[in-house]
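Trainee: Please find one structure pasted underneath; my questions will follow.
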Amino acid sequence: MGTPSVAVPEGMWIKCESCKEILYHKEVEDNLQVCPRCGHHFRMTAGRRLDLLFDGGRFKLLFQKIRSADPLKFVDTKPYVDRLRAYTRKAGPGDALLVGRGEIGGHPAMVAAMRYRFMGGSMGSVVGEKMARAIERCLARKIPLISVACSGGARMQEGILSLMQMGKIAAGLARMRVRGIPFISVLTDPTTGGVTASFAMLGDVNIAEPNALIGFAGPRVIEQTIRQTLPEGFQRSEFLLEHGMLDLVVPRHELKGTIVRCLNYFH
Amino acid sequence: MAVPTYPFLEPVERVREKLRELEGGSPTLDREETIAELRRELQEAIDRVFSSLTPWQQCLLARHPERPYTLDFIHGTMNEFTELHGDRCFGDDPAIVAGFALFDGEPVAVMGHQKGRSTTEKVRRNFGMPRPEGYRKALRIMEMAARFGRPVITFIDTPGAYPGLDAEERGQAEAIARNLEVMARLPVPIVIVVTGEGGSGGALALGIGDRVLMLEHAVYSVISPEGCAAILWKDQARAEEAAAALRLTASDLRKLGVVDEVIPEPPGGAHMDPAGAAELVAASIRRHLRELRRTKPDTLLHRRYKKFRSLGQFVER
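For the record, the sequence lines run as chains A and B.
Going left to right, the first sequence walks through residues -15 to 251 as the working numbering numbers them.
Going left to right, the second sequence walks through residues 68 to 384 as the working numbering numbers them.
See below:
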């Protein structure tokens, strides 16, 4: 799964995939990875997400020692363990989710941000376990949880156990709901498959970044099923807003402010 | 009427066909003897074929065109099934059937994915691939069960949630997610039976409960072998390899802790003896339901949470 859009590459100049402008890398970086010309939102790393959301960029990373155990001893064109090693080298430890604790607008809060760079942000046992622990920590401390989804869905290499992470996380969110602990879901490009069909759609408030691909099935799968090309804008944030699946579509510059207003309301 | 199925089942089906013809014919002197002989032959053929089933062959069995479907299991295990319809928002989805029935004389809510047998019926049931309104209907019936303190029994048999434009428009992901969340906190016993194909999120949306039971030849997977092969091997034809790699058989899932009990099937698979299969399913549901009915709702919910909380394998260092 995944989309053709790519993260900002290393180097001085980059081309905006939306308006095709050649942009100075630093300029995009300083603008929260948003194209200064057309407002296109480039993908942002999980680390920068946490920086952006927590007050003063101060937070503590949690549960970083959890690693995948390769429960199926999965081998496709290469062994899953080799893939894990390569991605860890590339993106750093933490699998496809970073969990941080800090303050947002003065409210103690937990943020779980998905990491697309790590196997397309796919959800296996590690992502599930980190989410479950984040939820349990939020329940114990009565603090809100904010998730930032960016994922192609469940991780095939962990088979049925990946699917079960959906149930595990949803069961945790059910407890939050019963006990009135707020959960804000932020959906970014792309959010598809098992991630959308578990926690990303279950926010007390669902907020998406502009023009993010959000859905259950990927566009290619749908095109193959219905044998037609999909209409322009289908499965994009604005489309989901129109169809009642989202509360808000908010540009990245306003994301933190919006979350703070939600937290003020909840507390 | 021979239904063309799979080459690996041919030795079994050949004998079965002969047996059927003979059993339907007029009695002759040596008929009984021949029938007995053919029965032995059938058993031998089954033993041969079923002693070394590959994961891919398990997938094919789970999709066998004669395999009992949810309504067959409902009618085979319960009485007075009353089907209820509609999600009260958009429509009624024939890919999911839901309602109430008597199980051992006690009222229960029952629901499951429904595939069609004839071509028209297959299309009407959308090959057992639900749209959001199907999941929302199931949810509505589950919440009603909770209001009246009735246990919930679900049958899982779907290639997956329907990946179509309209399904996306109406929030397929939200519908599935909501079911997971509500099933996790529904204060009545929930027994899940995976009877055929457990296709990913579309299956799991009816799959959160206190017991997850699985028929011997059913499969349950995060993605279909064909889908997995297309993505990881870039070649759909390598589904056989993918089926093996995904560890999707009932015995695999039992080992991974996802399934509480594997329900044996009659020799040759559930389709060889649907009534016998239903009896085995009923016996298993009965046993688990008896235990669950004795459990207080709080304890039930606590254990259900722990059950799903514990799934997954990782190392910590």
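In this text, a Cβ means the ideal position worked out from N, Cα and C, and glycines have one as well.
Quick caveat: nothing in here was measured; it's all calculated off a predicted structure.
Hey, quick one: how far does the beta strand (DSSP E) through M98 (chain A) stretch, first residue to last?
Mentor: That run of the beta strand (DSSP E) goes 91 to 98.
Trainee: Would a C-beta distance cut-off of 7 Å place Q380 (chain B) and P55 (chain A) closer than the cut-off?
Mentor: yes
Trainee: Name the chain A residues that come within less than 7 Å of A228 (chain B), Cβ to Cβ?
Mentor: Here the neighbours are F200.
Trainee: Return no unless some Cβ of chain A is closer than 7 Å to the Cβ of E264 (chain B).
Mentor: no
Trainee: With C-beta atoms as the reference, is I141 (chain B) less than 7 Å away from V175 (chain B)?
Mentor: no
Trainee: Can you give me the C-alpha to C-alpha distance between H355 (chain B) and R211 (chain A), rounded to a whole angstrom?
Mentor: 45 Å
Trainee: With distances taken from CA atoms, which of B:E328, B:P331, B:I290, B:N246 is nearest A311 (chain B)?
Mentor: B:I290
Trainee: Am I right that P132 (chain B) and T72 (chain B) are in contact with their C-beta atoms under 8 Å? What's the rounded C-beta distance?
Mentor: 7 Å
Trainee: Tell me, which residues are paired with W(-3) (chain A) by DSSP?
Mentor: A:Y8
Trainee: Please compile the residues from chain A whose C-beta is within a distance smaller than 7 Å of the C-beta of C295 (chain B).
Mentor: M140
Trainee: Since A165 (chain B) sits in a beta bridge, which residues does DSSP pair it with?
Mentor: B:L151, B:M178
Trainee: What's the gap between the Cα of L214 (chain A) and the Cα of G195 (chain B)?
Mentor: 23 Å
Trainee: Where does G265 (chain B) sit, in a helix, a strand or coil, going by DSSP?
Mentor: strand
Trainee: Assuming Q48 (chain A) contacts G78 (chain A) (C-beta within less than 8 Å), just tell me the rounded distance between them.
Mentor: 5 Å
Trainee: Pull up the distance between the alpha-carbon of V329 (chain B) and that of P63 (chain A), whole angstroms please.
Mentor: 30 Å
Trainee: Look up P(-12) (chain A) in the DSSP assignment and say whether it is helix, strand or coil.
Mentor: The pLDDT assigned to P(-12) (chain A) is 46, lower than 50, so where the model puts this residue is not dependable; a value taken from the coordinates is nonetheless given after this. In the structure shown, P(-12) (chain A) sits in coil (DSSP, three-state: anything other than H, G, I, E or B).
Trainee: Within 10 Å of its beta-carbon, does C134 (chain A) have 16 or more other beta-carbons around it, so buried, or fewer, so exposed?
Mentor: Under a 10 Å Cβ-count criterion, C134 (chain A) is classified as buried, with 16 or more other Cβ atoms of the shown protein chains found around its own Cβ.
Trainee: Which residues of chain A have a Cβ atom closer than 7 Å to the Cβ of S267 (chain B), listed in chain order?
Mentor: L147
Trainee: Can you list the residues of chain A that G336 (chain B) reaches, using a CB-CB cut of under 8 Å?
Mentor: The contacting residues do not exist; G336 (chain B) stays about 21 Å from chain A at best.
Trainee: Please check if any C-beta of chain A sits within less than 7 Å of the C-beta of E235 (chain B).
Mentor: yes
Trainee: Is the distance from the Cβ of A181 (chain A) to the Cβ of G268 (chain B) below 7 Å?
Mentor: yes
Trainee: By a C-beta neighbour count over all protein chains shown, 10 Å radius and 16 as the cutoff for buried, is I88 (chain A) buried or exposed?
Mentor: buried
Trainee: Taking the Cβ atom as the reference point for each residue, do H202 (chain A) and I275 (chain B) lie within a distance shorter than 7 Å?
Mentor: A quick correction: the sequence has Gly, not His, at residue 202 (chain A). For G202 (chain A) and I275 (chain B), no; Cβs fall outside 7 Å.
Trainee: Specify, as a first and last residue, the run of the beta strand (DSSP E) that E283 (chain B) falls within.
Mentor: Run containing E283 (chain B): none; DSSP gives neither H nor E here.
Trainee: For K240 (chain A), write down the residues that DSSP places opposite it in a beta bridge.
Mentor: BP columns for K240 (chain A) are empty, so no partner.
Trainee: Kindly indicate the opening and closing residues of the alpha helix (DSSP H) around P174 (chain A).
Mentor: Not the alpha helix (DSSP H): P174 (chain A) falls in the beta strand (DSSP E), residues 167 to 175.
Trainee: Taking only beta carbons into account, state which residues of the segment 148 to 174 of chain B come closer than 8 Å to chain A, listed in chain order.
Mentor: From the segment 148 to 174 of chain B, no residue has a Cβ closer than 8 Å to chain A.
Trainee: Report the rounded CA-to-CA distance for E13 (chain A) versus M250 (chain B), giving the unit in angstroms.
Mentor: 43 Å
Trainee: Any idea what DSSP makes of K373 (chain B), helix, strand or coil?
Mentor: In the three-state reduction of the DSSP assignment, K373 (chain B) falls in the helix class.
Trainee: Using the beta-carbon of each residue, which ones in chain E are nearer than 7 Å to L157 (chain A)?
Mentor: Here the protein chains are A and B, and chain E is not one of them.
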